[in-house]
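A short write-up of the structure that comes next.
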Amino acid sequence: MSNEPIVKVRDMAYPRLQAPDLDVMEAFLTDFGMVRAERTKDTLYMRGFGSAPYVHVVHKGEPAFPGFAFEARTREDLDLLAASEGFTPVEAIDAPGGGWRVTVKDPHGLTVEVVHSIAPLAPLAAADPRPLNMGSKFERLGAVQRIEQGPSSIKRFGHLALNVGDVQAVLDWYHARFGLIASDAVNLAPGMPVAVFTRCDKGAEPADHHSILFASTLGSGGIAGLNHLSWEVRDIDDVHAGSEYLAAKGRRHEWGIGRHLLGSQVFDYWRDPWGHIHEHWTDGDQLDASIPAGEHTPDVALSSQWGPNPPSTFGRTVPPAAS
Numbered sequence: 018m019s020n021e022p023i024v025k026v027r028d029m030a031y032p033r034l035q036a037p038d039l040d041v042m043e044a045f046l047t048d049f050g051m052v053r054a055e056r057t058k059d060t061l062y063m064r065g066f067g068s069a070p071y072v073h074v075v076h077k078g079e080p081a082f083p084g085f086a087f088e089a090r091t092r093e094d095l096d097l098l099a100a101s102e103g104f105t106p107v108e109a110i111d112a113p114g115g116g117w118r119v120t121v122k123d124p125h126g127l128t129v130e131v132v133h134s135i136a137p138l139a140p141l142a143a144a145d146p147r148p149l150n151m152g153s154k155f156e157r158l159g160a161v162q163r164i165e166q167g168p169s170s171i172k173r174f175g176h177l178a179l180n181v182g183d184v185q186a187v188l189d190w191y192h193a194r195f196g197l198i199a200s201d202a203v204n205l206a207p208g209m210p211v212a213v214f215t216r217c218d219k220g221a222e223p224a225d226h227h228s229i230l231f232a233s234t235l236g237s238g239g240i241a242g243l244n245h246l247s248w249e250v251r252d253i254d255d256v257h258a259g260s261e262y263l264a265a266k267g268r269r270h271e272w273g274i275g276r277h278l279l280g281s282q283v284f285d286y287w288r289d290p291w292g293h294i295h296e297h298w299t300d301g302d303q304l305d306a307s308i309p310a311g312e313h314t315p316d317v318a319l320s321s322q323w324g325p326n327p328p329s330t331f332g333r334t335v336p337p338a339a340s
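Heads up: the sequence shown begins at 18 in our numbering, then just goes up one per residue.
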């Protein structure tokens, strides 16, 4: 991956899903910690408590994952992409906050958007984690800690994981266009990755440990497509409070609570009514572009530093059983 990419994207923006019933999907996402931003006859936009006008888009239709969006560093980067093979011309975004985008199909047919100039909104709530008294660092003096019951506070869309047929080939494709770089590679043998955690190349500025995890379809029964979607929440208390709230609502739990080894996030995974995996996470690693990629054996791919082992169903869409 030594070739210079066309652009280097800055962050993730939002995913797109399809669901046959927007009322049912909105109810799940509200329990998950999102708030309706806008809804039309055929499209639901949900936001978190941060400044992004939406962090999740759902279209009415048969259950599917049609694609997702990156955030570009500059408006000019969209022009560079639009002039490149396979990309659409720059077009206005007809959605809350407006803005501009280009799109392209990835090697598995997903629509990848790159967006810029989406107008931010005033945050709905403070994004700072709660002050903690731990070890020799005391942030909360003369005050008590009380965690309100209710859903998690979604901060932003953080990352996704994709099941792909050829991990190295797909990684090369994404690097060449968007500048993604490896944070950790899981190899069957040297040079034979079965999973690669990739991050945005922001130079000296730290970036999330991964924006996209590319995982081999060897672990998904040969089926390519969505592995999971993930949103950052306020703090560890938020993960636990949100988990209790979703359980009380009778939502379908998948895996957690635990702390990943690769990426270090505290995680909790839930399934939407059509089986797509949605994750809450907090306290992930931040790496600048100078940090080299780690190399690992397959036994650590889904390892946790603490917490339960993953279920056999993790990493692929599993529709609910017929009633």
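Virtual Cβ for every residue (Gly too), placed ideally from N, Cα, C.
query	result
CB of residue 85 within 9 Å of CB of residue 130, strictly	yes
Per-residue burial, residue 155 [other beta carbons within 10 Å of its own, 16 or more giving buried]	exposed
Segment contact flag, the segment 49-62 with the segment 98-111, C-beta cutoff 8 Å, min 3 pairs	no
Rounded C-alpha distance that separates residue 234 from residue 289	22 Å
Among 225, 238, 123, 325, nearest to residue 214 - alpha-carbon criterion	225
In DSSP terms, what residue 154 is bridged to	151
Residue 322, enclosing beta strand (DSSP E) - first and last residue	321-323
Cβ neighbour criterion (16 or more within 10 Å) applied to residue 163	exposed
Cβ of residue 292 within 9 Å of any chain E Cβ	No chain E appears in this structure, which consists of one protein chain only.
Touch test, the segment 194-209 against the segment 312-319, Cβ-Cβ under 8 Å, three pairs minimum	yes
Under 9 Å between C-beta atoms of residue 51 and residue 171	yes
Residue of 189, 232, 76, 327 minimising C-alpha distance to residue 177	232
For residue 137 and residue 44, believed in contact at Cβ under 8 Å, the rounded distance	No, residue 44 and residue 137 are not in contact; Cβ-Cβ is about 27 Å, not under 8 Å.
Which residues DSSP lists as bridging residue 338, in chain order	According to DSSP, residue 338 bridges with nothing at all.
Where residue 105 falls: helix, strand or coil (DSSP)	coil
Own chain residues within Cβ distance below 6 Å of residue 269, not counting five before or after	288
Euclidean distance between Cα positions of residue 278 and residue 317	7 Å
Spatial distance of residue 329 from residue 238 (CA atoms)	11 Å
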